[in-house]
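Reading the sequence shown from the start, the letters are residues 4 to 65 in the working numbering.
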Amino acid sequence: MSRPKMLKLPEVLAELGMSRAAFYRMRARSQGPRLIKLPNGQLRVRRSDLDAWLSGHEELAA
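Given below as structure tokens:
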């Protein structure tokens, strides 16, 4: 069984087209995808968590 794909924060920021500062401001407002802190202190986001978060924030363009 394969492990879930884990994205590094720069990969998430690139996909969202967002700066690190903007991402942390969003997180401070309790928004954004779930982060996982590894024992070495690095942050990761599961691919499935990011996809679910994006799906939950889709808006139809008028």
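Where a beta carbon is used, it is the ideal one built from N, C-alpha and C, also for glycine.
- The C-beta separation of Leu10 from Arg37 comes to about 12 angstroms, leaving the pair out of contact by the 8 angstroms criterion.
- In its chain, beyond the 5 residues on either side, Met9, Leu46, Arg47, Val48, Arg49 have a beta carbon closer than 8 angstroms to the beta carbon of Ile39.
- Within the model, the alpha-carbon separation for Met21 versus Pro42 is close to 26 angstroms.
- By the neighbour-count criterion, in which 16 or more other beta carbons inside 10 Å mark a residue as buried, Leu57 falls on the exposed side.
- The beta carbon of Phe26 lies closer than 8 angstroms to those of Leu12, Val15, Leu16, Leu19, Gly35 in the same chain, with the five residues before and after it left out.
- Look at Leu10 here: in three-state DSSP terms it is strand.
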